[in-house]
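Have a look at the structure below, then the notes.
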Amino acid sequence: MTERKLTMSRAIVEAIDQEMARDPKVFVMGEDVGPYGGIFGSTTGLLQKYGEDRVRDTPISETAFIGTATGAAAEGMRPIVELMFVDFFGVCMDQIYNHLAKNTYMSGGGVRLPVVLTTAYGGGYSDAAQHSQALYGVFAHVPGLKVVVPSNAYDAKGLMIEAIRDDNPVMYFFHKGLMGLGWMTSPATAATPVPEEPYTIPFGKAEVKRSGTDLTIVTVGLMVHRALEAAASLEKKLSIEVIDLRTLVPLDRPTVVASVKKTGRLLVVDEDYRSFGLTGELAASVAEADVPMRRYRRLAEPDVPIPYSRPLEQFVFPSAETIAAAARAAVA
Amino acid sequence: MQLDRDKLLWMYRTMLLIRRYEERLVDAYLEGKMPRFDIGWGPIPGEMHLAAGQEPVAVGVMAHLRKEDTVTGPHRPHHLAIAKGVDLKKMTAEIYGKKTGLGHGKGGHMHLFDPAVKFSCSGLIGAGFPPAVGAALAAKMQGKDWVAAAFAGEGAANQGSFHEALNLAAIWRLPVIFVIEDNSWAISVPRSKSTAVSSNADRAAAYGVPGVLIPENDALAIAEAAGVAVERARRGEGPSLIEIRTFRYLGHFQGDPETYRPKGEVEELKKRDGIARLGRVLTAQKLLTESLDGELRAGVERELDDAFEFARSSPYPEPADALLHVFA
Amino acid sequence: MASIPVTVPDVWSDDKSKEGVIVNWFYEEGARVAAGTVIAEGMVEKVNFEIQAPASGVLRTPAPVNTPIVPGKAIARIETEG
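Protein chains in written order, with our numbering: chain P, 74 to 405; chain S, 26 to 353; chain X, 559 to 640.
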């Protein structure tokens, strides 16, 4: 039969489903992951298939249930725990960054914590300052957490299976606007053909989604699609290479460096805040590699809380148009 | 504390205003989102959490609060804001994302700030408890008899901030009232699946604080309990917890398919509607007649017409205004 | 060869005239599908539902995403052999 396409949410569910079928230690917990199937469709149908013991709705107690995931993992389970919106990390960050992230290290490798912490990120639909952030920069900054940000259904399934099989804590970020939900528009390119059998995608392997010679654009998540739209709109004038990092930790610096060696120009696009994040990290990484770089530019969310009103939010979010303008300016 | 005629009619009229506001928002929110519901489309984009059914809680407590008393609210704030006296035009303009809104379009419906009446709300569950404790602390330190009230759902009572805030308010004997609006549902999770005790009012004892459960969505019963709590606070005797079994008529958010909710539940709740209930009591006491009721409802419609017209006709902010107000 | 219509299942609660929309296709024009496979997703009154292939064969003329739908509406065809 011809390959079928899946939305990113279905790809994630299929990955979790296949791993839960294979390994009885894998279980899911979080708010509204049971009958609701996850607010953004990350666990649809799993409760019906695996029951309440392995798909658990939790109270609104993130510190408790994320710490519970850490403790259960230390004792042989493989939890997938959902933080509904990454913006909520403030109520449970100690458990994440001081414990989940550090216990393996502090124990000299003695303790393994195979936890996948899934979380929804991203804006563009007027959910305002506390429900629209990206914030992967915060988690990538703290040693001990792997950070995964798929941009499409094919990558989402492979990276999720890899995450579940990894014996380390993995923060798995999915953009709400990529899930293919009926009630929130996704770019058509987010849904892709997805093989039915399980497969993995290794962490630390960026993918060149479009080849080019004039400019390298590096980004993750929803911005991959916006960058590809921008590159297509400029293809008569500019040859633009678009790299999808796929994982921030581990970070595939060699692929970025090799690309900038070729093009000499780097534009980093980021939905996360501008300062002290991904855009700065890539500039430093390329500079450290002593690769000649004629031009470095970044286009990110400015250092302001994300505003509610549509004209304000559209002003702060990178779009295909603003990426195209930044690309032209980077090459000018 | 006895409620006089004016206060009782204020309670009734305010509940009407809240209900009609939420009903108008159901329609306004759907503009531009049909036939395909897309959360980002239309003049009111983003999330929308409406409180139709929960009106008695708002008026029952606010009946005893003054302008100088602080209120913090949750992601479902409209009934509380209206009862607290938040500027309805500016609030509606904020929901429409206009320059004339309370936050000049920056905050939106979950982040309504009206310092003039000391009202604020947040989209993070349980986030309102600690700041209410802070407002109570400020009142005490400044020698005022002001009080603070924090409102949240029964789901929030499982968040760490609830327990920490109660303990701190208790040990420092602060004039703050914790109000739990138990509408049974934390999105799709019923209280029976999230909370280890049958009533959060019982949890107050764990902090040495009086706790009372109001098992009916009854504005007068709520007002009675709130009156006791507010007086206790003003006398400097410390915090209280009130839990009310109230009703959420609509989904958690507009667009919530509510497939998890038992069929017929909302219809059953509506039979015990809090507004109709108060209306019957006031009619029996001869405080409300059919013609007065008609007048009140007409007045409510006019007030809402003004607020929505103001919001619709107000301009949007300039896009670059997004960069303003990060710092004062 | 036969041409079997793919029709929208009746998952409506009451008002059958209320329009839903097609929100996702999982197969494209010309794809081979097996009977019973979930080939598309619809949404009515904010509830998502699945649409299955009524027979095995080749998918033809899928109606675009956002096409309004009601129970029984044909949104594509399956060309079967024989």
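Just so you know, even glycine gets a beta-carbon here, dropped at the ideal spot from N, CA and C.
- Taken through DSSP and simplified to helix, strand or coil, His134 (chain S) comes out as coil.
- With fewer than 16 other beta carbons inside 10 angstroms of its own, Gly183 (chain P) counts as exposed.
- For a Cβ distance threshold of 9 Å, residue set Val579, Met601, Glu603 and Lys604 of chain X lies close to Phe62 (chain S), ordered along the chain.
- Neighbours of Asn582 (chain X) in chain S, taken as residues at a C-beta separation under 9 Å, are lacking, since the least C-beta distance is about 12 Å.
- Taking a beta-carbon distance threshold of 7 Å, Thr262 (chain P) does not count as an interface residue toward chain X.
- Cβ contact annotation for Arg216 (chain S) (same chain, cutoff 6 Å, sequence separation greater than five): Glu179 and Ser209, in chain order.
- If you look at Ser265 (chain S), you'll find it in the beta strand (DSSP E) that goes Ser265 to Arg270.
- Secondary structure note for Leu120 (chain P): its alpha helix (DSSP H) is the uninterrupted segment Leu119 to Tyr123.
- DSSP places Gly304 (chain S) inside the alpha helix (DSSP H), whose first and last residues are Gly299 to Ala309.
- Sorting S:Arg297, S:Arg273 and S:Phe187 by C-alpha distance to the C-alpha of Arg286 (chain S) places S:Arg273 at the top.
- In the DSSP assignment, Val86 (chain P) falls within the unbroken alpha helix (DSSP H) covering Met81 to Arg95.
- Secondary structure remark: continuous beta strand (DSSP E) runs of at least 3 residues inside the stretch 111 to 160 of chain S, in chain order: 144 to 146.
- Annotation: Cβ neighbours of Asp130 (chain P) in chain S (cutoff 7 Å, chain order): Val214 and Lys218.
- Here Gly285 (chain P) really is in contact with Thr336 (chain P); their C-beta atoms are around 7 Å apart, less than 8 Å.
- In the DSSP assignment, the residues bridged to Met102 (chain P) are P:Arg129 and P:Val154.
- Closer than 7 Å to the CB of Pro70 (chain S) there is not a single CB belonging to chain X.
- Separation of Pro264 (chain S) and Leu191 (chain S) (C-alpha to C-alpha, rounded to the nearest whole angstrom) is 8 Å.
- When DSSP assignments are scanned along the stretch 211 to 253 of chain P, the uninterrupted stretches of alpha helix (DSSP H) that are 4 or more residues long and fall wholly within it turn out to be 226 to 238.
- By the Cβ test, the stretch 52 to 64 of chain S is not in contact with the stretch 334 to 350 of chain P, since fewer than three Cβ pairs between them sit closer than 8 Å.
- Closest in C-alpha terms to Ile112 (chain P), from the list P:Asn176, P:Leu340 and P:Met157, comes P:Met157.
- For Pro282 (chain S), the nearest CB of chain X lies under 7 Å from its own CB, placing it at the interface with that chain.
- Counting only the Cα atoms, Val154 (chain P) lies some 14 Å from Asp126 (chain P).
- At a beta-carbon threshold of 8 Å, the residues of chain S lying near Glu104 (chain P) are Ala211, Ile212 and Val214, ordered along the chain.
- For Ala201 (chain P), the closest Cβ of chain S is nearer than 7 Å.
- Under DSSP, the beta-bridge partners assigned to Val315 (chain P) are P:Arg283 and P:Ile290.
- Nearest C-alpha to Arg260 (chain S) among S:Arg101, S:Ala161 and S:Glu249: S:Ala161.
- For Asn606 (chain X), the enclosing beta strand (DSSP E) covers residues Val605 to Gln610.
- Unbroken beta strand (DSSP E) runs of no fewer than 3 residues, entirely contained in the stretch 208 to 256 of chain S, are found at 236 to 239, following chain order.
- As DSSP reads the structure, Asn582 (chain X) sits in a beta bridge with X:Glu599.
- Two segments are said to touch when three or more pairs of C-beta atoms, one from each, lie closer than 8 Å; by this definition the stretch 313 to 323 of chain P touches the stretch 272 to 282 of chain P.
- In the three-state reduction of the DSSP assignment, Phe276 (chain P) falls in the coil class, being assigned neither a helical nor a strand state.
- The stretch 568 to 586 of chain X makes no contact with the stretch 147 to 154 of chain S; the number of CB pairs closer than 8 Å stays below 3.
- Between the alpha carbons of Ala251 (chain S) and Lys249 (chain P) lies a distance of about 41 Å.
- Taking the CA atoms as reference points, Pro266 (chain P) sits about 26 Å from Tyr198 (chain P).
- With distances taken between CA atoms, Val364 (chain P) lies nearest to P:Arg338 out of P:Leu254, P:Arg338, P:Asp343 and P:Lys230.
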